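Peer 1:
Residue numbers (my numbering): 23 to 130.
1. Output the residue ranges of the beta strand (DSSP E) runs that lie fully inside the region 51–122 and measure 3 residues or longer, sorted by chain position.
2. Apart from the five residues just before and just after residue 80, which ones in its own chain have a Cβ nearer than 6 Å to its Cβ?
3. Do residue 98 and residue 86 have their C-beta atoms within less than 9 Å of each other?
4. By alpha-carbon positions, which one of 117, 125, 110 ends up nearest to residue 73?
5. Expressed to the nearest angstrom, what Euclidean distance is found between the alpha-carbon atoms of residue 64 and residue 130?
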């Protein structure tokens with residue numbers, strides 16, 4: 023017959039061992055980690071700079087196409103790339119605004 027105290031103690035010990043966090047599984051999950059947020063802001067700045075550069079390249083290709091200094095396919099490609107980049111920026115902006123509104127609607 024199984025001793026209930028031993029099986030209970032064994033179960034508690036097994037649970038305690040399973041619940042012990044490993045350094046890999048909880049890395050980055052500490053709520054007390056007060057990051058500066060610089061990583062996110064740098065990511066956004068970099069993405070916006072890249073989007074602006076793609077827009078400038080599209081404008082330059084368009085001007086070069088008007089003055090017959092660029093072929094039509096490169097102008098169309100640059101303009102399509104700039105348009106896609108603008109659509110992406112607008113979609114991200116809309117999601118950020120939507121998220122902000124959801125945060126404002128949260129109960130305190």
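Quick reminder that beta carbons are idealized off the backbone N, C-alpha and C, glycines included.
All of these numbers come straight from a predicted model, not from anything done at the bench.
Peer 2: Taking the coordinates as given:
1. Not a single unbroken stretch of the beta strand (DSSP E) spanning 3 or more residues falls wholly within the region 51–122.
2. Along the chain shown, read from residue 1 onward, the residue named residue 80 stands at position 58. Counting only Cβ-Cβ distances below 6 Å, and skipping sequence neighbours, we find 100, 101, 104.
3. By 1-based counting over the chain shown, the position of residue 98 is 76. By 1-based counting over the chain shown, the position of residue 86 is 64. No, these two residues do not count as a Cβ contact at 9 Å.
4. Along the chain shown, read from residue 1 onward, the residue named residue 73 stands at position 51. Minimum Cα distance to residue 73 is reached at 110.
5. Locating residue 64 in the chain shown gives position 42, where the first residue counts as 1. Locating residue 130 in the chain shown gives position 108, where the first residue counts as 1. If I take the Cα positions, the gap works out to 30 Å.
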